[in-house]
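Contents: one structure, followed by commentary.
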Amino acid sequence: MNVGHFALPLQPLIFIFSVGVAMCAGLWLERGHARVESAIFCAVLAGLVVARAGFVIRYLPDYSGDLMKAFDIRDRGFDAVSGLVAGACAVVYFLMRSRSIRLPLLAAIAAGAVVWGTASAAAEFARPTATLPAISLPVGTGHTRPLSAGDGVPTVVNLWATWCGPCQAEMPILAQAQTDYPGVRLVFVNQGEAARTVDDFLATHHLDITNSLLDPTHAVAAAVGAVGFPTTLFYDAQGHLLAAHLGPFSKATFRQAVTSFYPADISGAPS
């Protein structure tokens with residue numbers, strides 16, 4: 000989804016909208032009293048805090064270099080199970096505390112859950128089955144290279160630009176990932192910039208990128224339907240799209256993604 004010059008990931012928007020629906024339903028059912036709204040807010044807050052804490056604890060070595068990054072939720076690193084448990088415990092507390100709140104609170108939660116489930120299912124259904132685009136791109140040395148090597152290796156394609164702040168933030172993490180996950184090929188496709196611009200950026204930031212391609216006409220972005228940068232696409236060994244991620248990765252969230260999509264290909268990766 001685009002708002003002006005900003006590209007927003009869909010799942011957080013669905014979550015926020017679902018919480019809003021739950022709060023509105025609770026207020027309506029309780030005829031304007033704020034107790035249901037407060038209960039939902041506290042349950043959601045407890046769930047998010049515990050989900051973030053659970054994720055950080057699970058991937059603590061990846062945050063050890065800069066613990067302040069543990070508070071930067073822009074990487075969207077949350078442990079769903081611990082968050083759901085914490086949120087459910089908060090709901091149970093409010094249900095036991097007040098009998099009058101029980102029906103409107105449960106109905107409000109049900110309304111939010113239905114909206115979340117329906118919207119998530121619709122978004123998943125609308126996502127087309129896609130494969131790695133059969134596109135050849137310049138490598139900056141006067142010749143071209145296909146996006147797919149055709150050798151049966153899982154591929155991660157990162158669409159980026161030097162002017163993109165989130166791209167700049169995640170680039171060192173992805174550059175290191177080339178070494179950390181040798182069983183997965185990372186391909187960096189610059190969008191719309193000249194070879195010198197890309198080379199100067201990589202040299203200035205001391206980044207060693209193995210598979211760096213240029214896409215001056217945004218052909219790959221158009222082919223995959225990218226709406227913003229950075230966009231990272233995960234393909235299996237046969238070139239089928241597993242997932243697309245809009246926004247920057249932290250070291251922890253990239254590890255989570257790679258571990259989830261390629262468990263058999265990262266056995267030698269550092270833990």
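Letter 165 of the sequence shown, counting from 1, is numbered 164 in numbering that gives the first Met the number 0, and no numbers are missing.
Positions of the beta carbon are idealized from the N, C-alpha and C atoms, including for glycine.
What are the partner residues of residue i, as DSSP defines its beta bridges?
i           : result
residue 114 : Answer by DSSP bridge pairing: none, since residue 114 is not bridged.
residue 245 : 230
residue 81  : Its beta-bridge partners do not exist; DSSP assigns none.
residue 213 : 189
residue 137 : 143
residue 130 : 239
If I follow the unbroken beta strand (DSSP E) through residue i, where does it start and stop?
i           : result
residue 188 : 184-190
residue 156 : 154-159
residue 145 : 143-145
What is the DSSP secondary structure of residue i, counted as helix, strand or coil?
i           : result
residue 103 : helix
residue 178 : helix
residue 206 : coil
residue 173 : helix
residue 1   : Here residue 1 scores only 37 on pLDDT, less than 50, and its place in the model should not be relied on; the value that follows carries that caveat. Note: residue 1 maps to strand in three-state DSSP.
residue 63  : coil
residue 195 : helix
residue 119 : helix
residue 109 : helix
residue 263 : coil
residue 6   : Interpretation of residue 6 is limited by its pLDDT of 45, a score under 50 that renders its predicted location unreliable; the figure taken from the coordinates is listed afterwards. DSSP places residue 6 in strand when its eight states are reduced to three.
residue 98  : coil
residue 166 : helix
residue 148 : coil
residue 86  : helix
Keeping to the same chain, check which residues put their C-beta closer than 7 Å to that of residue i; ignore five residues upstream and five downstream.
i           : result
residue 271 : This structure gives no information on residue 271, because the portion of the chain shown stretches from 0 to 270.
residue 207 : 174
residue 169 : 229, 247, 248
residue 57  : 78
residue 158 : 188, 190, 219, 220, 225, 228, 229, 230
residue 151 : 236
residue 250 : 61, 172
Just to confirm my understanding: we take residue i, look at its own chain, exclude 5 residues before and 5 after, and list those with CB closer than 6 Å. What are they?
i           : result
residue 211 : 187
residue 89  : 41, 42, 45
residue 122 : 9
residue 2   : Note that residue 2 scores a pLDDT of 34, beneath 50, so its modelled location is shaky; the value from the coordinates is reported in the next line. Within the same chain, residue 2 has no close Cβ partners at all.
residue 244 : 231
Distance, Cα to Cα, residue i vs residue j?
i           : j           : result
residue 221 : residue 192 : 16 Å
residue 96  : residue 231 : 46 Å
residue 62  : residue 119 : 30 Å
residue 5   : residue 98  : Interpretation of residue 5 is limited by its pLDDT of 37, a score under 50 that renders its predicted location unreliable; the figure taken from the coordinates is listed afterwards. Between residue 5 and residue 98, the C-alpha separation is close to 44 Å.
residue 177 : residue 217 : 24 Å
residue 115 : residue 105 : 15 Å
residue 49  : residue 39  : 15 Å
residue 164 : residue 227 : 12 Å
residue 101 : residue 110 : 14 Å
residue 263 : residue 30  : 54 Å
residue 182 : residue 81  : 30 Å
residue 68  : residue 11  : 19 Å
residue 201 : residue 16  : 39 Å
residue 223 : residue 155 : 13 Å
residue 142 : residue 252 : 34 Å
residue 138 : residue 144 : 7 Å
residue 255 : residue 64  : 18 Å
residue 60  : residue 54  : 11 Å
residue 239 : residue 20  : 35 Å
residue 72  : residue 146 : 32 Å
residue 37  : residue 74  : 27 Å
residue 91  : residue 66  : 33 Å
How would you write the range of the alpha helix (DSSP H) that residue i sits in, first residue to last?
i           : result
residue 10  : 9-28
residue 70  : First-last for residue 70: undefined, no H or E at that position.
residue 51  : 34-57
residue 259 : 250-260
residue 218 : 218-223
Is the CB of residue i under 9 Å away from at least one CB in chain D?
i           : result
residue 211 : In the structure shown, chain D cannot be found, because there is only a single protein chain.
Can you name, in chain order, every residue of its own chain whose Cβ lies under 8 Å from the Cβ of residue i, other than the five neighbours on each side?
i          : result
residue 35 : 22, 25, 26, 28, 29, 100, 103, 104, 107
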